[in-house]
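Since the structure comes first, as structure tokens, the remarks are kept for the end.
There are 2 protein chains.
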Amino acid sequence: MPDDRAQPQPTERTQTLRLAGPRALTLDSGQVLDEVTIAYNTYGELNAARSNAIFLCHALTGDQHAASVNPLTGRSGWWDLMVGPGKVFDTNRFFVISSNVIGGCMGTTGPKDIDPATGKPYGLTFPVITIRDMVRAQVLLVDHLGIAELLCVAGGSMGGMQVLEWMASFPERLVSAMPIATAAKHSAQNIAFHEVGRQAIMADPDWRGGHYLTDGVFPSKGLAVARMAAHITYLSEAALQRKFGRELQDRATVSYAFDADFQVESYLRHQGRSFVERFDANSYLYITRAMDYFDLAADHGGQLSQAFKWLKARVCVASFTSDWLFPTIEAKRIVHALNAAAANVSFVEFATDTGHDAFLLNIPEMFTTFRGFIDAVAAHRGVK
Amino acid sequence: MPDDRAQPQPTERTQTLRLAGPRALTLDSGQVLDEVTIAYNTYGELNAARSNAIFLCHALTGDQHAASVNPLTGRSGWWDLMVGPGKVFDTNRFFVISSNVIGGCMGTTGPKDIDPATGKPYGLTFPVITIRDMVRAQVLLVDHLGIAELLCVAGGSMGGMQVLEWMASFPERLVSAMPIATAAKHSAQNIAFHEVGRQAIMADPDWRGGHYLTDGVFPSKGLAVARMAAHITYLSEAALQRKFGRELQDRATVSYAFDADFQVESYLRHQGRSFVERFDANSYLYITRAMDYFDLAADHGGQLSQAFKWLKARVCVASFTSDWLFPTIEAKRIVHALNAAAANVSFVEFATDTGHDAFLLNIPEMFTTFRGFIDAVAAHRGVK
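From first to last, the protein sequence lines stand for chains B and C. Number 393 marks the last residue of the first sequence (this note's numbering); no jumps. Number 393 marks the last residue of the second sequence (this note's numbering); no jumps.
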């Protein structure tokens, strides 16, 4: 993705919400967190009726900087193509909120933070969290902001899982929802790829059983391998072919050695290297685990439509033709269940060869569709 | 795959060929090996006319034990379903040869062997090898056995690459060829997956820059991660779903921990563990590199049909519908090039949900097709 986008950027407010007290957040595992910090950004202004709030849920390695420069990387926000003045999520009209998930590493409480009970970083003593736990924390934030009802909750990939969980667990809080490039459960293949990443991290002796922060080291090599494996799944075979093919990197012929001869190798190594500068290894374990555990039908008696039986919101489900991580068949399963629950649902599959990451890219047809949906929802709700 | 197959097994002869002397094997890199050992098995008897020899090329982690119990693992040969009395490659009729590739670790010279120049294991001083180098060694073996012409050369995956290389570089030695589940070049995505595996191995501190044997250690964790990542690509999403789905391993509910909760995790970990007991980490680096370098069209002026311009052999190209590592489109590219060279080619795509590993599995339609092909070739050549 291009780093410098000559587009108007919204003014963000970076804030943190601190919740303390017994059982500040009760988790699916039964464990509780007595102190929780939620790092979040807002863009635009909440209107007097408090009816123009949109919540954006980030993906596995995303954060609260949906539309503002990430201070760690200096890169644009992950959805800055979608969020800003005049964009799909128009910050001249809407009050846009994005928060770092529970278990994350960008300010919200996660395994790299200090456990108040011990004075040391949690590491693996941090409780295993679920997608629903992430959404519970988001609900606390929305409560704190005094917003009874969200005009929309939207997100792609793991963000889409959170959207589905909002729809199932907090349907009364939603006017509309946009689960994008996602699934109602993580597939065996996706669990397998995550497990490879976790094993790569845990195989790094600098992981130290999760206590690397206490020991003053970091499992950079293991985390980089995890990122490289995952990154392949975010792109399509066609995109890799178009971008790199078998082109060589800075050489005319192969080296007959183990240098990064091919551009695709060089690119992957770069992805690994840059990732370890911004992400916590234990957070990677916890968040991939939360995705693996996600199975919305199982949480509702084995029938996905039961998850949506209280839903009144309008829903726009979206998928991408070349996404093999969350293929269209998974989106259709969501749509079928919504139809079985007599929900108000539209479905669109965008034709693109860019793979899973398409939801983060410049796809004009996607912008047009999403703009139409959100404008209709806003008009229906009288939001100007 | 089932371990115990109640089928007649051929009698194998396990042998080694030692070639010594200046430039015993000259490699594509320009480097030479002055001492080369080739470990090979034969099944059946060479007929008086020396016209019934079939050469089988193994895949990335295969070996010379095509149809006999692997002494290291105690498991059946990788193609025992295809090779034996009365089977497709009928050892009552044919003389079947299979050798471990150059760079391998099952007896043929590779990086774990002693460099005669230093008296120490080669490690990373072993020259980088190519698919053509593997085939050159096979030609030396076939010469040694006094066989001018092979009735057939067959293999799947990297074995298929070797078959294609035989067709391009030694067309006068072949009566027929069967490249299966393969491609004339390694794709960007496939290079990417291999690079993840190599980085996982090299990230293991016990790899020691390739000198682990001298240091008396072994990069088991890194090699296991490499195997896990690769293993996902050998199966289809549908096969993983059918075999494991989201079934839990030895528990009724999730553990809220990082145990192998899911069967697919447990299976992958087992794949990693068992692989490191039988495979050399540096061999994995060298053989994946050879596959990445493979680009038959580039070796022939950029036009694949030029690779086959001297070919007289009958060719049977085969692919599998659910193989996403070497998809049917790659097989079709080979077929198109063979047609453009006016070669005698048939093509078959087998419908199966088992993914790339299908060529190793029990697929009756495949056996019927391959039997028809090899029987026709034998009849044409007067082999009874």
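All C-beta atoms in this analysis are idealised placements derived from N, C-alpha and C, irrespective of residue type, glycine included.
Listed by chain order, chain B residues near residue i by CB distance under 8 Å
i	result
valine 205 of chain C	Val234, Met237, Ala238, Ile241, Leu277
leucine 313 of chain C	The contacting residues do not exist; leucine 313 of chain C stays about 13 Å from chain B at best.
glutamine 258 of chain C	Under the 8 Å cutoff, chain B gives no residues; its nearest Cβ is about 11 Å from glutamine 258 of chain C.
leucine 294 of chain C	Phe267
Those residues which DSSP pairs with residue i across a bridge
i	result
valine 326 of chain C	C:Phe356
valine 92 of chain C	C:Phe98
proline 214 of chain B	DSSP lists no partner for proline 214 of chain B.
valine 45 of chain B	B:Leu28
cysteine 161 of chain C	C:Ile63
leucine 257 of chain C	C:Phe271
alanine 146 of chain B	DSSP output for alanine 146 of chain B lists no bridge partner at all.
phenylalanine 104 of chain B	B:Ala62
Residue j beta carbon less than 8 Å from that of residue i
i	j	result
alanine 68 of chain B	glycine 86 of chain B	no
glycine 116 of chain C	alanine 58 of chain C	no
serine 166 of chain C	phenylalanine 335 of chain C	yes
glutamate 374 of chain B	serine 328 of chain B	no
threonine 70 of chain B	asparagine 50 of chain B	no
valine 137 of chain B	serine 229 of chain B	no
alanine 307 of chain C	valine 273 of chain B	no
valine 392 of chain B	serine 60 of chain B	yes
isoleucine 1 of chain B	phenylalanine 98 of chain B	Beyond the ends of chain B as shown, which are 10 and 393, falls residue 1 of chain B; an answer cannot be given.
serine 245 of chain B	serine 331 of chain B	yes
alanine 350 of chain B	serine 314 of chain B	yes
isoleucine 111 of chain B	alanine 146 of chain B	yes
phenylalanine 227 of chain B	alanine 290 of chain B	yes
glutamine 198 of chain B	isoleucine 338 of chain C	no
phenylalanine 356 of chain B	methionine 170 of chain B	no
valine 386 of chain C	cysteine 161 of chain C	yes
Chain-order list of residues whose beta-carbon lies under 7 Å from that of residue i (same chain, five-residue window excluded)
i	result
threonine 134 of chain C	Asp124
arginine 278 of chain C	Ala269
leucine 159 of chain B	Ala62, Ile63, Phe64, Val151, Arg182, Leu183, Val184
alanine 212 of chain C	Gly231
alanine 360 of chain C	Thr330
valine 354 of chain C	Val324, Val326, Val344, Leu347, Asn348
glycine 219 of chain B	Gly132, Leu133, Asn291
Under 9 Å by beta carbon: chain B residues contacting residue i
i	result
alanine 373 of chain C	It is worth fixing the name first, because residue 373 of chain C is proline in this sequence and not alanine. By Cβ distance, chain B contributes nothing, its closest Cβ being about 26 Å from proline 373 of chain C, past 9 Å.
valine 273 of chain C	Ala197, Gln198, Ile200, Ala201, Glu204
valine 137 of chain C	Val263, Ser264, Tyr265, Ala266, Phe267
glutamine 250 of chain C	Ser196, Ala197, Gln198
Same chain, Cβ closer than 6 Å to residue i, five either side skipped, listed in chain order
i	result
valine 363 of chain C	Contrary to the premise, residue 363 of chain C reads as threonine rather than valine in this sequence. Correct list, in chain order: Ala248, Leu370.
methionine 10 of chain B	With a pLDDT of only 39 at methionine 10 of chain B, under the threshold of 50, the placement of this residue in the model should not be trusted; the figure read from the coordinates follows. If we look at methionine 10 of chain B and ignore the five residues flanking it on each side, it has no Cβ neighbours.
methionine 187 of chain C	Ala163, Cys325
leucine 320 of chain C	Met176, Pro180, Ala352
aspartate 402 of chain B	With chain B covering 10 to 393 only, the question about residue 402 of chain B has no answer from this structure.
phenylalanine 368 of chain B	Gly165, Ile189, Ala190
aspartate 72 of chain B	Asn109, Met115
glycine 311 of chain B	none
Within chain C, the residues that residue i reaches when beta carbons sit closer than 7 Å
i	result
lysine 194 of chain B	Arg255
glutamate 246 of chain B	Ser196, Gln198
Beta-carbon neighbours of residue i, restricted to chain C and to distances below 8 Å
i	result
serine 38 of chain B	Tyr265
arginine 298 of chain B	Phe267
Listed by chain order, chain B residues near residue i by CB distance under 7 Å
i	result
lysine 230 of chain C	Ala212
alanine 209 of chain C	Ala209, Val234
tyrosine 302 of chain C	Val263
Rounded Cβ spacing between residue i and residue j (contact assumed at less than 8 Å)
i	j	result
proline 120 of chain B	serine 292 of chain B	6 Å
alanine 209 of chain C	alanine 235 of chain C	5 Å
phenylalanine 267 of chain C	arginine 207 of chain B	7 Å
arginine 32 of chain B	valine 41 of chain B	5 Å
glutamate 21 of chain B	serine 77 of chain B	4 Å
histidine 195 of chain C	methionine 91 of chain C	Incorrect: roughly 25 Å between the Cβ atoms, too far for contact.
valine 205 of chain C	alanine 238 of chain C	5 Å
threonine 223 of chain B	threonine 118 of chain B	Wrong, their Cβ atoms sit about 17 Å apart, outside the cutoff.
histidine 365 of chain C	tyrosine 243 of chain C	5 Å
glutamate 174 of chain B	valine 148 of chain B	So it is not a contact: roughly 10 Å between Cβ atoms.
glycine 281 of chain B	alanine 316 of chain B	Rounded, the Cβ-Cβ distance is 36 Å, inconsistent with contact.
8 Å Cβ shell around residue i - same chain, five flanking residues per side excluded
i	result
glycine 381 of chain C	none
asparagine 101 of chain C	Gly53, Pro94, Gly95
threonine 297 of chain B	Leu69, His203, Gly206, Arg207
phenylalanine 271 of chain B	Phe253, Arg255, Glu256, Leu257, Gln258
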